[in-house]
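Residue numbers (the numbering used here): 101 to 701.
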C-alpha cells in the first residue's frame, strides 16, 4: 500500500529537468541575476538550457562592467536595457562608467578615437543611434516618479529639445539614475555647458532634494559611491579649459546619498564681475539649504588644482560631511591656493572628531614671490593654527611646511616674552610633567618643535626650504619628538624636499642623519634623500584617479609595475624618478614664476 502511494506521488511530481527550455528560461528570468549561475550549474540539463543567458552575462560583463561613452551606441543600448526595451542583463552588469566628451549634435554621434580628434560635422556620418523624444519623455516620467517631484513644463520642453538636437548629456545623467549597481563615475570632461552631462546630473540631483524633508532617490543615485571630475587622460580629450565656477556642482554631488569619495579637478568659486553660467545668485538654493551640516556621506575628498578662496561657501562645504576621513589638496597648473590657513582651520574645526589625514601636495614657498600657496602670513599653519590642530582627535597624517615651523617657534617665543610666561601650560610640559621656568631660545625652539603636533600622528611629511640654523633646530626637535614617547603611534617622517631645498641653497651638510639613527632605535622610519630603502612600515595615502585608472583609456587601466606613491607630488611615479621628486616640484614652480613675471606682476 505504501509503495502504491509513493508511486502515485512520483507520477504527480515533475522534475525541473523535465521542463522545456522555454519554461526553464522563464524561471531564470524571475531569479535575481546574481543567482542565475547557481541554478545553471545545478546539473548538465540546466546548464545546457541556460547557455544563452550565461553567454549574455559573460558578454555583458566583458563589455559593460566598465562602460564608457566613446561608442555612442553604448548609452542608447544601456538606456533600452535599463528601461525595459531590451534585455536588462547588460545594464545590470554596469559598475563603472567613464565619461569622455559630451556630444552636442547628431553628427557627433560617432565613436571617439583616443588618438585622433573628432572629424568635422561635414565629414561625419548620420547617427544610427538616435534616441527619440518619446523615449526621452518616458525616461523623464520615471525620474519624476522616483523623486516624487515633477519637472516644470517649460523645463521638460527645453530638455527634450536638447535631446532632439543631439545633446547626449541628459541621456547619460538619466542612465546613471537608473543603473542599479553603478558605483563609480569618472569624468574626463569638466564641461558645464548647456546640454552637457554635469549640469544635467546637477539638475536631476536638485530635483531629488527639492522636498527637503523626505528625499526620494532613484536607484542609481543611491548606488554611486565614487565620483571623479576632470580626470587626466593624456589624450586630445583632456579638458584644459580655464577655471570655471563649480562649487555648486561640487555641492550637489556631495548630496549623493552613498557617496564615499570625490575627486574634483579645478574647484573654483564664483567671482563677482565674471561671465559664467554658475552664478550662485541665479540658483534657487542657498548653501545652508543645499548643504546642511552632516548631510553628506563622503569620507574622502581630493582637490586638484584648486584655486582657494572659496568664499562663504567654505563655511558649508567642509561641515557637510558627517565623518570626513581624508582631505587632500594638490597643486596643478598656474593657479596658486590663496587662503590655505582658512581652509585648514575650517576642515580641522568641522571634522575634528573623524579626520585622519590632511595633506597638501606640490606646494612651495621657495623665494619671496610668487609662491603657489598663501595663508595668513604663513604657508598654512601659524602659531595659533598649530595649537588648533591639537584638537583633532584622530589625525594620522599631515604635511607641514618648514617655514610654518619657523614662524610657530618665533611667534611662540615672542608671545612668551610679551606675556612674561614661564610656559606652565600642560601642552608645553614633557611626558614626565616637567615645567620649564628658564630656558634659552634654542632649547625653547627644540621643545616647541617636539610638542607642536597632535599626539595621534603616524606619518609626518615636511616640505620646503629651511635655513641652516632652522634645519638644525628642526632635526634636533624631531629627535626629541621620536625619543620622548609622546607620539606612540609615530611610524614615519619624510624630510626630502626640505633637505633638498637646503642643498639648493648651497648648504651641502648631510642633514637628518642623527634623526635617522634616533628613528631606528624606536622603530620610526625617516625618509631622506639618501635613506629610502629598508623601511619597517608600509604607509598608505589617499590617491586620486589618473590616466592609468581609465579602463577605456590608452593604458586600458593598467599601470606599469613598481610605481610608488610620492608623498610630495601626490601621485604615483616610476621608481627611477624617486630621487628627482623635488627637482620636479622646482621645475613646476619655475614655470609658474616665469608666467608670473611675464604677465607683469
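Glycine is no exception: its CB is placed at the ideal position from the N, C-alpha and C atoms.
Predicted model only: the values in this text are computed from it and were never measured.
query                                                                                                                                                                                     : result
Contact defined as beta carbons within less than 8 Å: I believe residue 428 pairs with residue 474. What is the distance between those atoms, to the nearest angstrom?                    : Wrong, their Cβ atoms sit about 19 Å apart, outside the cutoff.
Hey, how far is the Cα of residue 248 from the Cα of residue 566?                                                                                                                         : 59 Å
Does the distance from the C-beta atom of residue 187 to that of residue 165 stay below 9 Å?                                                                                              : no
By the 10 Å Cβ neighbour count, where 16 or more other Cβ atoms means buried, how is residue 173 classified, buried or exposed?                                                           : exposed
Output the distance between the C-alpha atoms of residue 210 and residue 231, rounded to the nearest integer angstrom.                                                                    : 14 Å
Note down the Cα distance separating residue 182 from residue 364, rounded to an integer number of angstroms.                                                                             : 28 Å
What's the gap between the Cα of residue 368 and the Cα of residue 343?                                                                                                                   : 7 Å
Helix or strand or just coil, what does DSSP make of residue 220?                                                                                                                         : Residue confidence for residue 220 is low, a pLDDT of 47 falling below 50, so the modelled location carries little weight; the figure read from the coordinates is stated next. Correct three-state label for residue 220: coil.
Would you list, in sequence order, the uninterrupted alpha helix (DSSP H) runs of no fewer than 4 residues that lie entirely inside the stretch 217 to 291?                               : 233 to 247, 253 to 264, 269 to 278
How would you write the range of the beta strand (DSSP E) that residue 500 sits in, first residue to last?                                                                                : 497 to 501
Give the straight-line distance between the Cα atoms of residue 638 and residue 653, rounded to the nearest whole angstrom.                                                               : 30 Å
So residue 620 is in the alpha helix (DSSP H); what residue range does that whole segment cover?                                                                                          : 613 to 622
Got a sec? Which residues, its chain only, sit under 7 Å from residue 175 by beta carbon, not counting five neighbours each side?                                                         : 169, 268, 271, 272, 275
By how many angstroms is the C-alpha of residue 171 removed from the C-alpha of residue 558?                                                                                              : 46 Å
With the cut-off set at 9 Å, would you say residue 243 and residue 304 are in Cβ contact?                                                                                                 : yes
Could you check if residue 421 is buried or exposed, using at least 16 other CB atoms within 10 Å of its CB as the buried criterion?                                                      : buried
Does the stretch 614 to 625 touch the stretch 667 to 674, meaning 3 or more C-beta pairs lie closer than 8 Å?                                                                             : no
Does DSSP put residue 595 in a helix, in a strand, or in coil?                                                                                                                            : coil
Taking only runs of the beta strand (DSSP E) that begin and end inside the stretch 151 to 193, which ones reach a length of at least 3 residues, in chain order?                          : 166 to 168
Please state whether DSSP places residue 676 in a helix, a strand or coil.                                                                                                                : helix
Does the structure place the stretch 321 to 340 close enough to the stretch 281 to 301 that three or more beta carbon pairs sit under 8 Å?                                                : yes
Might you give, ordered along the chain, the residues of its own chain that have their beta carbon closer than 8 Å to the beta carbon of residue 241, omitting 5 neighbours on each side? : none
Under the assumption that residue 646 contacts residue 277 (Cβ atoms under 8 Å), give the Cβ distance between them as a whole number of angstroms.                                        : Between residue 277 and residue 646 the Cβ distance is about 27 Å, and since that is not below 8 Å, they are no contact.
Please return the same chain residues whose Cβ sits closer than 7 Å to the Cβ of residue 300, not counting the five positions on each side in sequence.                                   : 269, 270, 273
Distance, Cα to Cα, residue 143 vs residue 156?                                                                                                                                           : 19 Å
For residue 463 and residue 582, I'd like the C-alpha separation in whole angstroms.                                                                                                      : 26 Å
Please classify residue 675 as buried or exposed, where buried requires at least 16 neighbouring CB atoms within 10 angstroms.                                                            : exposed
How many angstroms separate the CA atom of residue 549 from the CA atom of residue 426?                                                                                                   : 24 Å
In angstroms with no decimal places, state the Cα-to-Cα distance between residue 85 and residue 330.                                                                                      : Given a span of 101 to 701 for the chain in the structure shown, any question on residue 85 remains unanswerable.
Output the boundary residues of the beta strand (DSSP E) element that contains residue 625.                                                                                               : 625 to 627
Consult DSSP for residue 645 and reduce its assignment to one of helix, strand or coil.                                                                                                   : coil
Compute the Euclidean distance between the alpha carbons of residue 84 and residue 413, then round it to the nearest angstrom.                                                            : Here the chain covers residues 101 to 701 and nothing more, so residue 84 does not appear.
Run through DSSP, which three-state label would residue 350 get?                                                                                                                          : helix
Taking the CB atoms as reference points, tell me whether residue 215 and residue 317 lie closer together than 9 Å.                                                                        : no
Who are the near neighbours of residue 561 in its chain, counting only those whose CB is closer than 6 Å to its CB and skipping five residues on each side?                               : 499, 594, 667
Looking at the structure shown, is residue 206 part of a helix, part of a strand, or coil, going by DSSP?                                                                                 : helix
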